[in-house]
Each structure stands twice: as C-alpha cells, then as structure tokens.
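**Student:** Sequence order for the protein chains is P and D. Mapping the first sequence onto numbering that gives the first Met the number 0, position 612 (from 1) lands on 611, and the numbers just tick up by one. Mapping the second sequence onto numbering that gives the first Met the number 0, position 64 (from 1) lands on 63, and the numbers just tick up by one.
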Amino acid sequence: MFTNIISALMLALFLVTPGFAEEPAKQSPQAGTVAQSTAPALQAPAAVPGQSAAAAPAATAPVLAGGMPTKVRPNRAITISMFMTIIGITLCVVIWAARQTKSASDFYTAGGGITGLQNGWAIAGDYMSAASFLGMSGLISLYGIDGFMYAVGPMFSFIAILLVIAEPCRNAGKFTLGDILSFRTAPKPVRAVAALSTVTVSLFYLIAQMVGAGKLMQVLLDIPYRVSVIGVGILMVGYVVFGGMKATTWVQIIKAGLLMSGTVLLAFLVMAKAGMNPVGFFTDIVGNQLIQDHVRMNVLKDALPKAGFDYGQRFMEPGLFLKNPLDQVSLGIAWALGAAGLPHILMRFFTVPSAKEARKSIVIALFINSSFFFLINIIGFGAALYLSPQLISSVDKGGNMATLLLAQLLGGGAGSLGGDMFLAFICAVAFATILAVVSGLVLAASAAIAHDVYVNIVMDGKADQHTQVKVARITSLFVGLAAIVMGLAAEKENVVALVALAFAVAASGNFPAVMLSLFWKRFNTAGVISALLVGTISALGLVVISPVMTYPQKIADDAKKIVSTLEKKQLEGAVLADKDLKLLEKSRGDYSKNNGQTSMVGLTAPIFPLKNPGIVSVPLGLIAAILGTLLFRDRRAEEMFDEIEVRQITGLGISKASDH
Amino acid sequence: MSKSYNWSEIARNPKYLELKRKKRVFLFGWWIVASIYYFSLPLLSGYFPALFKVKLIGVINFGYLFILSQFLVAIFVAMYYTKIANRDFDRLTDELVREIQ
Chain P
0 MFTNIISALM LALFLVTPGF AEEPAKQSPQ AGTVAQSTAP ALQAPAAVPG QSAAAAPAAT
60 APVLAGGMPT KVRPNRAITI SMFMTIIGIT LCVVIWAARQ TKSASDFYTA GGGITGLQNG
120 WAIAGDYMSA ASFLGMSGLI SLYGIDGFMY AVGPMFSFIA ILLVIAEPCR NAGKFTLGDI
180 LSFRTAPKPV RAVAALSTVT VSLFYLIAQM VGAGKLMQVL LDIPYRVSVI GVGILMVGYV
240 VFGGMKATTW VQIIKAGLLM SGTVLLAFLV MAKAGMNPVG FFTDIVGNQL IQDHVRMNVL
300 KDALPKAGFD YGQRFMEPGL FLKNPLDQVS LGIAWALGAA GLPHILMRFF TVPSAKEARK
360 SIVIALFINS SFFFLINIIG FGAALYLSPQ LISSVDKGGN MATLLLAQLL GGGAGSLGGD
420 MFLAFICAVA FATILAVVSG LVLAASAAIA HDVYVNIVMD GKADQHTQVK VARITSLFVG
480 LAAIVMGLAA EKENVVALVA LAFAVAASGN FPAVMLSLFW KRFNTAGVIS ALLVGTISAL
540 GLVVISPVMT YPQKIADDAK KIVSTLEKKQ LEGAVLADKD LKLLEKSRGD YSKNNGQTSM
600 VGLTAPIFPL KNPGIVSVPL GLIAAILGTL LFRDRRAEEM FDEIEVRQIT GLGISKASDH
Chain D
0 MSKSYNWSEI ARNPKYLELK RKKRVFLFGW WIVASIYYFS LPLLSGYFPA LFKVKLIGVI
60 NFGYLFILSQ FLVAIFVAMY YTKIANRDFD RLTDELVREI Q
C-alpha cells in the first residue's frame, strides 16, 4: 500500500518531466550501441562522474561519444561465463542464508552474528561502487589530480562514523533509523517520518544505481537497457527476499574481495610497467605528449600553446575539473555527514554483536577503502599514460571505460586471451558491485516500511516473528519491483541529481536527528520531525533549482552557438567535413527540441549556484532541529535522556540477537 | 529484556561521569581536528592553488602529497582512537558494568 503510493508519486515525478523520456529513443534505435545520450557534446562531460563517487554508478551512466567507432568490446562467451559464475556463487550464498533466516532479527541484522572483520569488508563494499571503480579512475585519467581529490571525501566520512555514530548507534539501536529516533519521543509520528525519510533516501539512491546498472550492462554485454534493469532487479529482489541481511552482507563481502583483487592486480601491473618507480611514473606522465595535448586542447582549450607553460605538469595541479571551491566544501559536508546518515550504512552497525565489533568494522573498512582509493589513483594515472586521455574520452566522454580498457591492455591487449579474460573479469566485478549495492538499499527501505510502519505503527509492535519475517519479505518484493519500474521509467533522466539528493537529505535531516537524539538532553519529538522535514525539503528544494538538473534552454543555447558557427563557416565558402555536417544536423535538432523548454520545475537557468546543497541545507536542518525542540518542550524526552545516554555510552541493555 | 536498570542512578555514578567526560572530550575533539584537516583540502586547493603547485619530489607536488596525507591522517585518527578505546574506554566501561551488575 505504502510502497504503491510512493512508487506512484515517484513515477508521476518522472513522467511530468517534459519531452525527454521519449525522443532520444527514436534517435538511436539500436540499444546497446553507441550514443544513447541526447546531447553528449553539449552537456559538460564531467558533470557526470564522481559527483558522489561511492554512491553512484548513476554517475557512471556511460555518455558515449556520438558516432565514434571505438568502444569496449568484451569477449561475449568469456564475459557471460564469468557473470554466470558470479550469479551461481551468490545464489548458493542466498540458499544458505535463507535456511538460517527465521526471525526478524535474522532478516534485518543477520541475527547480530556478523563479525567485525566481515562487517568491515561489507561496509567497504558499500563504498566501492561501480562509480568509484569506473568513474573515479576515469576522472583521474582525464583531469589528473582533481579526480584523486574526490577520493578523500568517502574516506573521511569514516571519521564521523567511527567517532560519533557507529558505537552509540550499535548500543542504542535495533534494526532501523526509526528505532534510534523514536527511543524517547512519541514513537508513531517519529517512526512514520523516519520511515518516509529512509524510503526517500534509499529509493533516490536506488533509482540512480538501477539506471547506472542498466546503462553499464547495456554497454558491457550488448543487451537492451530494459533487459539489464529487469535482470539486475530480479537478482536483487531474490537476494533480499530470500536471504535478508545475511545474504546481502555476504554478497557484499564476496564482491568487495573480488573488487579488491582486481584493483590490486591492475595497479600492480601498472606499476610493473612503470618499473616499480613512482617518481619515474609521474615524470613520464608529465612528459607525455598526448597528455600535454589533451590538457592544452581539450581541457584548457588553448588553441596555440602558451609560451613556457608546462601543460604536462598542469595535469598534476588542481582546478582542471573542480572549479568552485564552495561547491567542493559543500560536497565535502555531504560526505562528512551524509554517509553517516545513510540508512543502509546505519543498518550495518546493527549486524555486529557489540560496540567493540562495530568500531573494529569501521577501522577495517577505512583500511580497505584507503588502499582501494590509493590504488584507483594509480590505475587512473596509469590509464592516462598507457591509453591516453584522447582514447579514453573517445570511448566515453566521462572516462568511465578507463578501468576496463586498461584491464584489456594490461591483460595482453584486445583480442588476446589474457586481455579478454581480464576485461571480462573486471566487467563481472562491476556487475557484482552493482548487485551488492542495490540489495543493501532494498533491504534498508523495506526495513523502514515493514519494521517501522507495519510492525510498530500499524500493529503496535505486536507481531510474532513469523509474521514479521513474512511482512519484511513481501515488502522487499514490492520495494524491488518499484525500483525496477522506476529504473525503467528513468532511463532517459538525469539521475546524477538523485545521488546528490540522497546524500544531501541524509546529511541535512538524518545526521542532525541522530546526533541530537544521542547527545542532546532536550531533543524531542518536535525536534526530530522538524529536522527530518526541513532537512529533506531544503535539500530537495535546493537540488531542483541547482545546476545538476537538466536545463533545456541551456542545451538549446549551446546548440545555437554551434549552428551559427558552422553556418558562418559554410557562408564563408568552406566545405564542412562529414563530422561537422552531422554535428550541424544534430545541433539544429537539439535547438528546435529544447528551445523555449524549461527544467523540471520550470526554470531556464539554475537559481542556486552550487551542485551540492549541503553548505546551506545542513545548517537549515540543524537550526530546525534546535528550534523545534525549544518551541515544544517535552519533559518525558528529557527524563529519558539518562537511559539513552547510559545505553549508548556503556552498551548496557544492548539489543542482542537473543533478546527476542 | 532480561534485566531492568535504574538509568538515572547509573547516570550519577562517578565512574560513569568520568567515562562520559573522557569519551566526549576525546571523540568530539578529534572529530573537530580531523574535520579541520579535511576541509583544508578544498579550501587550500581552491583559494591557494599556488601552494599545491610547489614541486617536492621530482614532478610530484605538494598537492598530491597533501591528498595522500589525508589518507594517512584518517588512518592515524582511527588507529589512535582504537588504541585509546581498547585501553581506556573499554576498561572503564567493563569496570562500570561489573559494579552495576
């Protein structure tokens, strides 16, 4: 019921977006080939990847260069058998996990029976998404050090989680965000709002992942978008419905292991090629003619070299991709606080038996992710040096295919057995990555609906274990189906905004609410509700008027510029090359299609200048939390503070798997 | 729940108050320190790009090494916290829990 309403709302939201859903499809009827995106040349290519790297294969949505012949060509037989192997292994895990999933605690938290080491790998896996694996290395290969700078955010986010979130939440919580927030407040309204926030954040994130997954599989396996979204969706639903948290965790652990192995091997091969000499490696990069040309012509757009300017060294200096320091700070805030407020990450702390194990799991995750992002930096620079930025961007404007192309090259080159095997392995790992991440999201959203809404609001907490598990499974099925439907509907949408949104909502609403629940005596029902509502609404409001949305008028204006330049050339008597004629044709089409159109909320240009709303929406959420609390004083909440504080600090009365 | 506790009584226990104070100072203190270091990256690279361009080891410049140092600082904070938590916080917590039960 609840799921249906939400999905209907979300669908409506997407269908309202004028024009976009239909037309590009007609332009390129051959699904799975190049050029799916409407106007790749006109959208800032790099607006796509890395935005919120851990999160977003959304961001990896391959924006392929129109008409370019180059593309990644995995060997189908080898690739499909590797995919099948991974599916086979994970299905065995699901069957094993399903047999052990009997109680609600088994379903949501694997009965609290995950060790710190296992949970560390699983959390690390949540961070190592296709976006960080493919998108971040691509960004480095095209923009140098700016891409590497992106990696610091996800890693730093562990600090807040480690110091102020993981252990207190483990001690005071049970299954969901709602459990922590409703501890000393009016349970029903708070659980309802917490569930709504969890479902919103998880679904935004999930849709972005589904669209990214669909596009990636489309390119890698040469299958239609629909087939890949439905395929990923069915597997994801299967993992969660049958295996619950245990299967979701183990799929994540297996994937994290595979991904780390692939990354270590790839980085090792790069360094071996560079003679194991890092200084020599970077000297080669700075001295590389193709990289110098790329920085000069494609990034800085200097037609003629400036005298004495070292374009190679410029690749090692910031500012090629990240231009607005305020936007970077805002993104930094979203990472520093948002990751700690993401429901599917919060949920992982409940799977370990104690605060000590929760602490251990974060430290392990931090180690794994630090190594991972360090290796990604080697892979990204290696791709720039050994493949050239020109080749990488000719296959994909945003650089998302860099890791795959590099694997093929270092495995022995296209067509060789080693090259095909390594490429297929990396493709299969990317696939496993997507499956593991989406499963965790479905589980978090279902837990909020089944545990908070059904069991605690509808049934007043009076439901036996059997019913709870049954409801949780049915809910997961519906959440999964909703995700598939929305993923299909959002094929042509700009999903980057959704990832920014998920993080912003988590940072502006969930994070202050959780922190103040744990650490501020006077915090109460009004405080929680105003934090969540104001945080969510302000983040949402700022994102829809920010530059991450699609502005048709801007596309039209850019197209017009190209048209007038090319027409001027023609008038001057120049004969246009085939490529330019095609571009002219396409730009005319883009112009007539987009001119006079407005963005989703009726704007011709963004009002809010930053892509990330955190710098404004986090303070708003926090102020709302404080004002709400002070305006509606609640004695009971204050009296119960001792209990939640003693629990979170000492772990007394901790909710264990055995406390059914 | 197997056992119910008198929470407000525990909240006044001197050992508890000591644990709470120590934890609060350490956790929020290090959180602030780490945050300052973290946010100095976008601020310095955005407003003082010249600093990032200073070459230190061959062509490897301050910017690259500063990014690497972010990783090391995060790992250091995590390791140091683990050490203190295992040595002090866990011990104090165990003592307190034993006293109460």
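By construction, the Cβ of each residue, glycine as well, lies at the ideal position given by its N, Cα and C atoms.
For L289 (chain P), collect the residues of the same chain with a Cβ closer than 8 Å to its Cβ; drop the 5 residues on either side in sequence, then sort them by chain order.
**Tutor:** S387, P388, Q389
**Student:** Taking a contact to mean a Cβ-Cβ separation below 7 Å, would you say A129 (chain P) touches T432 (chain P) in this structure?
**Tutor:** Yes.
**Student:** Taking CB distances under 7 Å as the criterion, tell me whether K82 (chain D) reaches chain P.
**Tutor:** no
**Student:** So, are the CB atoms of L403 (chain P) and I425 (chain P) less than 7 Å apart?
**Tutor:** yes
**Student:** So with Cβ pairs under 7 Å, would you call G28 (chain D) a contact of chain P?
**Tutor:** no
**Student:** For P153 (chain P) versus S44 (chain D), is the C-beta distance shorter than 7 Å?
**Tutor:** no
**Student:** Go through the stretch 8-70 of chain D residue by residue and report every complete run of the beta strand (DSSP E) that reaches 3 residues or more, in order.
**Tutor:** 54-56
**Student:** Reducing DSSP to helix, strand and coil, say where S600 (chain P) ends up.
**Tutor:** Strictly speaking, residue 600 (chain P) in this sequence is Val, with Ser absent from that position. Looking at V600 (chain P) - three-state DSSP - the assignment turns out to be coil, as it is neither helix nor strand.
**Student:** Leaving out five residues on either side along the sequence, give the residues of the same chain with a beta carbon under 6 Å from the beta carbon of D145 (chain P).
**Tutor:** Closer than 6 Å at Cβ, skipping near neighbours: P317, L319, F320, L321.
**Student:** By the 9 Å beta-carbon criterion, what residues does the stretch 345-360 of chain P contribute toward chain D?
**Tutor:** A354, K355, R358, K359
**Student:** Alpha helix (DSSP H) containing V547 (chain P): first to last residue?
**Tutor:** Unbroken run through V547 (chain P): none, as it is neither H nor E.
**Student:** Under 7 Å between beta-carbons, which chain P residues line up against K19 (chain D)? List them in chain order, please.
**Tutor:** I648
**Student:** Who are the near neighbours of V240 (chain P) in its chain, counting only those whose CB is closer than 6 Å to its CB and skipping five residues on each side?
**Tutor:** Answer for V240 (chain P): R472, S475, L476, listed in chain order.
**Student:** Taking V441 (chain P) as the reference, which of P:I164, P:T248, P:K70 has the closest Cα?
**Tutor:** P:T248
**Student:** Strictly under 7 Å for the Cβ-Cβ distance: is L651 (chain P) near chain D by that measure?
**Tutor:** yes
**Student:** Could you have a look at L95 (chain D) and say whether DSSP puts it in helix, strand or coil?
**Tutor:** helix
**Student:** Looking at the structure shown, is W6 (chain D) part of a helix, part of a strand, or coil, going by DSSP?
**Tutor:** helix
**Student:** Report the start-end ranges of each alpha helix (DSSP H) in the stretch 137-189 of chain P that is 4 residues or longer and not cut off at the edges.
**Tutor:** 144-149, 151-159, 165-171, 176-180
**Student:** Closest Cβ-Cβ distance between P511 (chain P) and chain D: below 7 Å?
**Tutor:** Any Cβ of chain D closer than 7 Å to the Cβ of P511 (chain P) would place that residue at the interface, and such an atom is absent.
**Student:** Along the stretch 35-66 of chain D, where does the CB come closer than 7 Å to a CB of chain P? Name the residues.
**Tutor:** Legend: CB atoms of the stretch 35-66 of chain D lying less than 7 Å from CB atoms of chain P belong to residues Y37, F38, L40, P41, L42, S44, G45, Y46, P48, F51, K52, I56, G57, V58, I59, N60, G62, Y63, I66.
**Student:** Between the stretch 226-238 of chain P and the stretch 476-491 of chain P, do at least 3 Cβ pairs fall closer than 8 Å?
**Tutor:** Taking one beta carbon from each stretch, the stretch 226-238 of chain P and the stretch 476-491 of chain P have 3 or more pairs nearer than 8 Å; the two touch.
**Student:** Take G243 (chain P) and list the residues in its own chain whose beta-carbon comes closer than 6 Å to its own, dropping the five residues that flank it on each side.
**Tutor:** T100, F106
**Student:** My output table needs one value for R669 (chain P): the three-state DSSP class, helix, strand or coil.
**Tutor:** Outside the displayed span of chain P (0 to 659) sits residue 669 (chain P), for which this structure offers no information.
**Student:** What number of angstroms, rounded off, separates the C-alpha of S3 (chain D) from the C-alpha of A77 (chain D)?
**Tutor:** 34 Å
**Student:** Enumerate in chain order the residues of its own chain whose CB-to-CB distance from Q291 (chain P) is below 6 Å, with the five nearest sequence positions on each side excluded.
**Tutor:** Y310, G311
**Student:** Compile a chain-ordered list of the residues in the stretch 303-315 of chain P whose CB is closer than 7 Å to at least one CB of chain D.
**Tutor:** Q312, M315
**Student:** Could one say the Cβ of F70 (chain D) lies closer than 7 Å to chain P's Cβ atoms, at least one of them?
**Tutor:** yes
**Student:** Please list, in chain order, all residues of the same chain as T92 (chain D) whose beta carbon is under 6 Å from its beta carbon, the five residues on each side excluded.
**Tutor:** none
**Student:** Please name the residue, chosen from P:Y550, P:D589, P:E571, P:G534, that lies closest to K560 (chain P) on a Cα-to-Cα basis.
**Tutor:** P:D589
**Student:** Between S329 (chain P) and N611 (chain P), is the Cβ-Cβ spacing less than 7 Å?
**Tutor:** yes
**Student:** Quick check: the stretch 192-208 of chain P against the stretch 65-80 of chain D, are at least 3 beta-carbon pairs closer than 8 Å?
**Tutor:** Verdict: no, contact absent.
**Student:** My guess is that V494 (chain P) and L258 (chain P) are in contact by the Cβ rule of under 8 Å, so how many angstroms apart are they, rounded?
**Tutor:** A Cβ-Cβ separation of about 22 Å leaves V494 (chain P) out of contact with L258 (chain P) under the 8 Å criterion.
**Student:** Ignore the nearest five residues each way along the sequence and tell me which others in T108 (chain P)'s own chain have a CB closer than 7 Å to its CB.
**Tutor:** F174, M244, F349, T350
**Student:** DSSP state of S201 (chain P), grouped into three classes?
**Tutor:** Here S201 (chain P) carries a helix assignment [DSSP, helix/strand/coil].
**Student:** What's the gap between the Cα of L133 (chain P) and the Cα of I35 (chain D)?
**Tutor:** 30 Å
**Student:** In three-state DSSP terms, what is Q100 (chain D)?
**Tutor:** Correct three-state label for Q100 (chain D): coil.
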